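Protein chains in written order, with our numbering: chain V, 378 to 807; chain B, 378 to 807.
Shown next as structure tokens:
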């Protein structure tokens with residue numbers, strides 16, 4: 378790329394090849410979202426700074442927001458995620474149908490250090506259910522995620538489930554000070570990157586007592602039945618058990634689901650079940666993640682509004698697909714390239730294009746009567762399956778020559794028979 | 378809306394009702410774009426200020442760009458349109474297939490005075506063909522626009538066609554100084570808003586001689602055959618005539634097409650044919666517009682790269698649809714709401730939901746066992762056609778009750794027969 382013509386670091390052009398794959402994945406994601414009753418919503422790219430920062434939702438991450446003053450000298454910032462915009466929307470429109478189930482697929486911007494798999498502009502695909510405390514909502518989101526990863530074609534994926542309530546109980550049981558809880562969760566969340574030993578070192582930094590540290594690490598290593606016996610407060614465990622039973626009743630394929638007491642998630646605002654999906658055998662990190670956050674949405678109008686959501690990491694999904702060599706077969710919407718042979722036959726070629734278009738099929742007309750070889754090359758680059766020649770010979774005999782780019786065969790047929798031919802051909806190719 | 382929770386002026390939340398209609402229209406637009414061989418492309422929301430302003434493409438409008446410094450103190454600006462990003466992309470990637478036919482559907486931002494039909498964040502839908510001087514490109518774009526407006530359901534629309542070359546010839550013939558040409562075009566472009574008399578007054582302000590003024594106005598009133606006789610330079614006329622003949626050959630429905638010598642377009646960069654589509658009987662302004670701009674794309678790498686494009690004004694299309702009461706029938710992707718009757722039957726209801734989902738159809742589960750009437754109301758708000766009850770009576774008899782929300786009839790059937798029933802029902806509703 379010409380260096381004077383760069384995009385900003387961490388922001389990328391999405392050229393046709395990337396876009397077609399992206400749209401293919403987004404189409405699969407939205408079609409599952411919609412089958413589960415989620416409806417589309419979008420919010421502006423820019424919000425008042427007061428909205429973005431007012432409730433301290435992002436904590437430390439707030440410094441990653443693109444902040445500036447607009448031409449009216451108002452402090453504004455660019456969409457960092459969809460959680461705050463969702464909270465604003467729910468609080469602003471009292472007539473919204475509850476439970477409110479919406480999905481939002483747009484770009485977000487984070488002034489983060491660009492690195493592998495981390496961009497400054499990227500797509501997020503969020504679904505949230507606002508207005509219910511029922512764990513059925515969690516179950517639906519987890520099943521929906523499974524259905525999406527299956528629809529995309531992933532074979533080995535795993536959704537890990539835990540509960541912030543359970544983690545809090547473990548902290549309490551281990552004698553960890555309430556004020557250190559969230560720092561502890563943040564340390565645990567780095568496990569995939571820095572390993573369990575790294576996490577233990579981080580526990581050190583938090584200033585946990587040796588006893589607390591050992592109690593936590595031993596608790597996190599227990600199977601759920603053991604934990605249930607161990608812990609005095611059973612609420613978190615009960616939540617996880619209910620969620621698992623709903624998943625089973627709803628027909629979730631349980632081979633993609635596991636309980637993982639180490640799962641903690643990096644955001645402060647979670648209050649109940651949390652979950653994260655990874656594709657096994659890749660090191661790209663999680664491709665989906667979410668959880669319950671019952672105290673956030675209501676902050677904007679001082680009401681109690683429970684909510685739960687999951688976010689599909691589109692950029693990571695695309696990266697994993699590349700890594701695993703998953704290339705969805707995307708057929709060209711254009712089936713015919715009508716070439717231009719020479720100036721005098723242009724009108725004839727255009728009429729042929731019209732005739733083929735009348736059958737409803739996608740047709741490109743090469744706009745110039747350049748060397749026919751170059752026009753064929755164009756068809757091959759754009760994966761157009763048939764190339765049509767309507768030159769002087771064809772004009773004389775009221776016919777067209779059609780080359781099948783796949784088989785390499787070429788046939789000449791009368792214009793009068795074109796329609797029947799098309800119908801037959803298109804049926805075969807369907 | 379709660380005033381403390383506002384979006385920025387001129388920027389709007391796109392709630393589900395709006396989004397569904399928007400997606401319906403976008404789907405029609407893209408499917409036509411793709412049938413004509415255009416491929417999707419997207420560019421980042423933020424560009425270096427040097428790119429946006431470097432070639433003085435936007436002229437006076439440059440002051441409408443959201444400009445700021447990012448956290449690294451670099452001058453940047455938000456996407457104002459897709460023309461400069463397209464020029465940057467074409468210049469940056471030498472391997473791009475030419476002619477390059479891409480579409481771009483994203484939001485753009487303009488810090489304009491918000492007013493009726495003018496927003497600060499809005500969608501644009503652009504198609505451009507880069508790399509050919511052939512007027513076949515213009516013809517394809519005009520036909521494609523017609524096909525889009527027909528697909529959306531508009532009956533009375535008109536694409537007006539003119540040529541900047543022709544307008545320049547008229548200026549020359551009328552003795553208008555070359556330096557005043559563009560100001561004159563800008564004045565003419567206001568005709569729809571201020572009327573011909575208003576335009577004439579603006580001519581006054583430009584300081585045109587009485588003779589020049591009269592010559593222009595009289596020329597602009599001539600039919601094309603008359604103009605051809607009148608003007609010494611026939612190039613512009615020839616261009617328009619070629620375009621019309623291509624349109625006819627390509628099967629364009631000519632009742633939606635007219636030559637309009639008054640059409641001028643507001644951007645400086647057009648060099649050849651220009652066009653604009655209006656929906657008759659509305660005063661929203663044009664819903665599509667474009668033209669040839671052969672000197673812009675190449676500016677970024679000092680090459681000659683011809684280009685032509687058309688932009689569909691999605692926001693205006695939506696406004697006109699509202700005005701004309703055009704409400705596309707958009708079926709709910711969810712066909713069944715499974716209600717929850719009481720706590721003990723939740724698991725049974727979830728299993729029923731699973732059974733219906735297995736048929737491949739969209740199903741929502743109401744997440745709480747609240748009053749059944751409220752659950753029915755939810756189904757009706759979300760236009761879900763069938764509501765399923767799987768309560769204690771149904772559990773006892775291994776059956777479900779299904780209410781058809783349209784007819785109001787309710788039937789009870791054995792679980793074992795659910796599948797056959799579904800197959801029959803779904804076939805009928807297809």
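Glycine residues also receive a C-beta, built at the ideal position from the N, C-alpha and C atoms.
From a predicted model like this one, the values you see are computed outputs, not experimental measurements.
Below-8 Å beta-carbon distance, residue i vs any chain V residue
{"i": "residue 412 (chain B)", "result": "yes"}
{"i": "residue 626 (chain B)", "result": "yes"}
{"i": "residue 490 (chain B)", "result": "no"}
{"i": "residue 677 (chain B)", "result": "yes"}
{"i": "residue 418 (chain B)", "result": "yes"}
{"i": "residue 720 (chain B)", "result": "no"}
{"i": "residue 509 (chain B)", "result": "yes"}
{"i": "residue 789 (chain B)", "result": "no"}
Cβ of residue i within 8 Å of any chain B Cβ
{"i": "residue 388 (chain V)", "result": "yes"}
{"i": "residue 379 (chain V)", "result": "Note that residue 379 (chain V) scores a pLDDT of 45, beneath 50, so its modelled location is shaky; the value from the coordinates is reported in the next line. Yes, residue 379 (chain V) lies at the interface with chain B (some Cβ there is under 8 Å from its Cβ)."}
{"i": "residue 683 (chain V)", "result": "no"}
{"i": "residue 623 (chain V)", "result": "yes"}
{"i": "residue 749 (chain V)", "result": "no"}
{"i": "residue 752 (chain V)", "result": "no"}
{"i": "residue 447 (chain V)", "result": "yes"}
{"i": "residue 739 (chain V)", "result": "yes"}
{"i": "residue 669 (chain V)", "result": "no"}
Inter-residue spacing [alpha-carbon to alpha-carbon] between residue i and residue j
{"i": "residue 572 (chain V)", "j": "residue 638 (chain V)", "result": "15 Å"}
{"i": "residue 558 (chain V)", "j": "residue 497 (chain B)", "result": "43 Å"}
{"i": "residue 522 (chain V)", "j": "residue 740 (chain B)", "result": "15 Å"}
{"i": "residue 795 (chain V)", "j": "residue 509 (chain B)", "result": "29 Å"}
{"i": "residue 552 (chain V)", "j": "residue 589 (chain V)", "result": "6 Å"}
{"i": "residue 576 (chain B)", "j": "residue 415 (chain V)", "result": "50 Å"}
{"i": "residue 383 (chain V)", "j": "residue 446 (chain B)", "result": "17 Å"}
{"i": "residue 584 (chain V)", "j": "residue 593 (chain V)", "result": "14 Å"}
{"i": "residue 705 (chain B)", "j": "residue 452 (chain V)", "result": "39 Å"}
{"i": "residue 667 (chain B)", "j": "residue 485 (chain B)", "result": "17 Å"}
{"i": "residue 391 (chain V)", "j": "residue 501 (chain B)", "result": "17 Å"}
{"i": "residue 609 (chain V)", "j": "residue 405 (chain B)", "result": "59 Å"}
{"i": "residue 673 (chain V)", "j": "residue 560 (chain B)", "result": "54 Å"}
{"i": "residue 614 (chain V)", "j": "residue 430 (chain B)", "result": "59 Å"}
{"i": "residue 793 (chain V)", "j": "residue 625 (chain B)", "result": "20 Å"}
{"i": "residue 596 (chain B)", "j": "residue 730 (chain V)", "result": "36 Å"}
Expected contact under 8 Å - CB spacing of residue i and residue j to nearest Å
{"i": "residue 684 (chain V)", "j": "residue 520 (chain V)", "result": "With a Cβ gap of about 18 Å, residue 684 (chain V) and residue 520 (chain V) do not count as contacting."}
{"i": "residue 746 (chain V)", "j": "residue 723 (chain V)", "result": "7 Å"}
{"i": "residue 480 (chain V)", "j": "residue 410 (chain V)", "result": "4 Å"}
{"i": "residue 504 (chain V)", "j": "residue 687 (chain V)", "result": "6 Å"}
{"i": "residue 421 (chain V)", "j": "residue 389 (chain B)", "result": "7 Å"}
{"i": "residue 715 (chain V)", "j": "residue 761 (chain V)", "result": "Contact flag wrong, Cβ pair sits at about 10 Å."}
{"i": "residue 779 (chain V)", "j": "residue 765 (chain V)", "result": "5 Å"}
Cβ-based neighbour list, residue i, same chain, cut-off 8 Å, excluding 5 preceding and 5 following
{"i": "residue 494 (chain V)", "result": "661, 662, 692, 693 and 696"}
{"i": "residue 450 (chain V)", "result": "none"}
{"i": "residue 616 (chain B)", "result": "512, 540, 542, 543, 649 and 650"}
{"i": "residue 664 (chain V)", "result": "526, 534, 654, 655, 656, 689, 690, 693, 694 and 697"}
Own chain residues within Cβ distance below 7 Å of residue i, not counting five before or after
{"i": "residue 371 (chain B)", "result": "In the structure as shown, chain B begins at 378 and stops at 807. Residue 371 (chain B) is therefore absent and cannot be evaluated."}
{"i": "residue 623 (chain V)", "result": "512, 513 and 516"}
{"i": "residue 791 (chain B)", "result": "775 and 776"}
{"i": "residue 477 (chain B)", "result": "467, 507 and 508"}
{"i": "residue 455 (chain B)", "result": "422, 423, 442, 443 and 486"}
Cβ-based neighbour list, residue i, same chain, cut-off 6 Å, excluding 5 preceding and 5 following
{"i": "residue 537 (chain V)", "result": "635, 637, 640 and 653"}
{"i": "residue 548 (chain B)", "result": "558"}
{"i": "residue 733 (chain B)", "result": "713 and 740"}
{"i": "residue 725 (chain V)", "result": "767 and 772"}
{"i": "residue 379 (chain V)", "result": "Here the model assigns residue 379 (chain V) a pLDDT of 45, short of 50, so the residue's position is not dependable, and the following value carries that caveat. Result list for residue 379 (chain V): empty, nothing under 6 Å."}
{"i": "residue 474 (chain V)", "result": "none"}
Any chain D beta carbon closer than 8 Å to residue i
{"i": "residue 616 (chain V)", "result": "Chain labels in this structure do not include chain D; the protein chains are V and B."}
In chain order, each alpha helix (DSSP H) run of at least 4 residues that lies wholly inside the stretch 574-624 of chain V: 587-597 and 601-607
Every unbroken alpha helix (DSSP H) within the stretch 438-486 of chain V, with a cutoff of 4 residues, ordered by chain: 460-469
Residue ranges of each alpha helix (DSSP H) within the stretch 727-770 of chain V, 4 or longer: 749-758
Contained alpha helix (DSSP H) runs [length at least 4] in the stretch 507-546 of chain V, N- to C-terminal order: 513-529
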